[in-house]
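Student: In the numbering used here, the protein residues as written are 1 to 174.
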């Protein structure tokens with residue numbers, strides 16, 4: 001019964017994180033807004049539930065499963081730390097803070113998606129192939145999307161048009 005409750009809490013925190021993270025990734029200056037805090041709470045819920053799940057299941061886990069689940073717990077802890085850093089970056093709002101903020105939130109958000117695609121990939125006939133492919137796909141798609149998003153956030157430099165003729169050092173056209 002405890003395991004079912006923990007898995008349910010973990011799933012709810014993950015789904016809540018996917019929803020809140022979609023909004024939280026948008027950089028807005030100032031202190032933590034409600035959505036940012038909700039996203040951090042979801043990440044904290046993921047961390048807490050996975051740590052307790054590991055503790056409950058530890059006696060029955062194989063050596064490989066222990067390593068894998070411990071790695072997931074460490075990843076969840078890093079996600080929480082990165083979101084706390086994102087909140088600090090946004091609160092300080094120093095020049096260029098938006099890129100740093102988006103990088104922190106992106107790391108946490110793409111990690112959530114990786115978790116959601118890894119679980120079904122584990123049930124494939126060849127999980128040793130499906131899991132790495134799923135993770136690489138999430139990372140590749142996430143990279144493309146966040147790169148495009150960051151380009152939209154950055155002001156575009158104005159292009160200077162010229163006639164295409166060569167100009168001497170003196171400034172006269174040839």
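C-beta: ideal position from N, C-alpha, C; glycine also.
#1: Does the stretch 90-108 come close enough to the stretch 135-150 to have 3 or more Cβ pairs within less than 8 angstroms?
#2: Find the nearest neighbour of residue 111 within the set 125, 128, 82, 97, judged by alpha-carbon distance.
#3: I need the straight-line Cα distance from residue 29 to residue 126, nearest angstrom please.
#4: Do you know offhand how far residue 10's Cα is from residue 117's?
#5: When the Cα of residue 51 is compared with those of 15, 62, 70, 63, which residue comes out closest?
#6: For residue 4, which option in 44, 63, 57, 92 has the closest C-alpha, if you only look at C-alpha atoms?
#7: Span of the alpha helix (DSSP H) holding residue 124?
#8: Helix, strand or coil for residue 9 per DSSP?
#9: Counting only the same chain and skipping the five closest in sequence on each side, list residues whose C-beta sits under 7 angstroms from that of residue 44.
#10: Go through its chain and collect everything with a Cβ distance to residue 124's Cβ below 6 angstroms, but skip five positions before and after it.
#11: If you run the structure through DSSP and keep just helix, strand and coil, what is residue 83?
#12: Can you tell which of 134, 113, 60, 146 has its C-alpha closest to the C-alpha of residue 101?
#13: What residue range is occupied by the uninterrupted alpha helix (DSSP H) comprising residue 36?
#14: Is residue 35 closer than 7 angstroms to residue 20 when the C-beta atoms are compared?
#15: Is the distance from the Cβ of residue 113 to the Cβ of residue 136 below 7 angstroms?
Tutor: With the given structure in hand:
#1: The answer is yes - the stretch 135-150 touches the stretch 90-108, with three or more Cβ pairs under 8 angstroms.
#2: The residue given as residue 111 occupies position 111 in the chain shown. The residue with the shortest Cα to Cα distance from residue 111 is 82.
#3: Translated into the one-based positions of the chain shown, residue 29 becomes position 29. Translated into the one-based positions of the chain shown, residue 126 becomes position 126. Residue 29 and residue 126: Cα-Cα distance of roughly 46 angstroms.
#4: Within the chain shown, numbered from 1, the residue matching residue 10 stands at position 10. Within the chain shown, numbered from 1, the residue matching residue 117 stands at position 117. Spanning the two alpha carbons is a distance of roughly 15 angstroms.
#5: Residue numbering aside, residue 51 sits at position 51 when the chain shown is read from its first letter. Taking only the C-alpha atoms, the option nearest residue 51 is 70.
#6: Position 4 of the chain shown, counting from 1, holds the residue named residue 4. Closest option to residue 4, Cα to Cα, is 57.
#7: Counted from its first residue, the chain shown places residue 124 at position 124. For residue 124, there is no enclosing alpha helix (DSSP H), as DSSP gives it neither H nor E.
#8: The residue given as residue 9 occupies position 9 in the chain shown. In the three-state reduction of the DSSP assignment, residue 9 falls in the helix class, which pools H, G and I.
#9: Numbered from its first residue, the chain shown carries residue 44 at position 44. Apart from the 5 residues on each side of it in sequence, residue 44 sits with its Cβ closer than 7 angstroms to the Cβ of 80 in its chain, given in chain order.
#10: Stepping through the chain shown from its first residue, residue 124 is reached at position 124. Excluding residues within five positions, the ones whose Cβ falls inside 6 angstroms are 130.
#11: Numbered from 1 along the chain shown, position 83 holds the residue referred to as residue 83. In the structure shown, residue 83 adopts helical secondary structure according to DSSP, grouped into three states.
#12: Translated into positions along the chain shown, residue 101 becomes position 101. The residue from 134, 113, 60, 146 with its alpha-carbon nearest to that of residue 101 is 146.
#13: For the purposes of this step, residue 36 is taken as residue 36 along the chain shown, with counting starting at 1. Boundaries of the alpha helix (DSSP H) harbouring residue 36: 34-57, taken from the DSSP string.
#14: The residue you call residue 20 lines up with position 20 of the chain shown. The residue you call residue 35 lines up with position 35 of the chain shown. In this structure, residue 35 lies closer than 7 angstroms to residue 20 by Cβ.
#15: As a first step, residue 113 must be located in the chain shown, where it is residue number 113. As a first step, residue 136 must be located in the chain shown, where it is residue number 136. Cβ distance not < 7 angstroms, so residue 113 and residue 136 don't count as in contact.
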